[in-house]
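Residue numbers (UniProt numbering): 1 to 111. We put the CB at the ideal spot given by N, CA and C, even for glycine. These notes are about the structure you will find just below.
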């Protein structure tokens with residue numbers, strides 16, 4: 001195919017306000033991924049839009065395997081609260097209440 005650009009599981013976006021640390025969630029418009037490197041605000045950063053990652057989560061939530069997981073852009077954490085947040089994937093492991101992290105399989109699509 002002459003119109004093919006790239007697979008799309010890793011894409012380049014501008015780093016958000018305040019910059020981004022490697023391994024942190026990045027929401028740019030409707031696109032979510034995990035930063036592959038640390039980048040200053042506005043600099044190009046590659047983000048991985050697929051795979052399973054251990055992410056910071058809302059501590060006071062219990063997660064079940066397969067639960068929908070959203071990104072709370074204000075608090076920069078994964079959450080099972082849908083209202084006001086962007087769907088990013090599903091829980092891949094149970095997570096207790098309280099716990100600081102949870103395993104998330106990213107959807108790999110724009111939210």
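task = Give me the Cβ distance between residue 45 and residue 13, rounded to the nearest whole Å; I'm assuming they're in contact under 8 Å.
result = Here the question's residue 45 lines up with position 45 in the chain shown. Here the question's residue 13 lines up with position 13 in the chain shown. Right, their Cβ atoms sit about 6 Å apart.
inquiry  = Can you tell me whether residue 85 is buried or exposed? The criterion is at least 16 other CB atoms within 10 Å of its CB, across all chains shown.
reply    = Translated into positions along the chain shown, residue 85 becomes position 85. Buried: at least 16 other Cβ atoms inside 10 Å.
request  = Could you tell me which residues DSSP puts in a beta bridge with residue 78?
outcome  = In the chain shown, the residue the question calls residue 78 occupies position 78. According to DSSP, residue 78 bridges with 57, 71.
query = Near residue 153, which residues of its chain fall below 8 Å by C-beta distance, leaving aside the five closest residues on each side in sequence?
reply = Nothing can be reported for residue 153, as the shown portion of the chain is limited to 1 through 111.
ask   = My guess is that residue 57 and residue 101 are in contact by the Cβ rule of under 8 Å, so how many angstroms apart are they, rounded?
value = What you label residue 57 is simply residue 57 of the chain shown in a count that begins at 1. What you label residue 101 is simply residue 101 of the chain shown in a count that begins at 1. About 6 Å; that satisfies the 8 Å criterion.
query = Roughly how many angstroms lie between the CA atoms of residue 111 and residue 32, to the nearest whole one?
reply = As a first step, residue 111 is located in the chain shown; it is residue number 111 there, counting from the start. As a first step, residue 32 is located in the chain shown; it is residue number 32 there, counting from the start. Caution is warranted here: a pLDDT of 49 is assigned to residue 111, below 50, making its placement in the model unreliable, and the coordinate value is therefore given only provisionally. Spanning the two alpha carbons is a distance of roughly 7 Å.
Continuous beta strand (DSSP E) assignments of at least 3 residues falling wholly in the stretch 1-44 = Fully enclosed beta strand (DSSP E) runs of 3 or longer: 10-14, 25-28, 31-35.
inquiry  = Using 8 Å for Cβ pairs, my map puts residue 88 next to residue 104. What's the rounded Cβ distance?
reply    = Within the chain shown, the letter at position 88 stands for residue 88. Within the chain shown, the letter at position 104 stands for residue 104. Contact check for residue 88 and residue 104: beta-carbon distance about 7 Å, within the 8 Å limit, so the pair qualifies.
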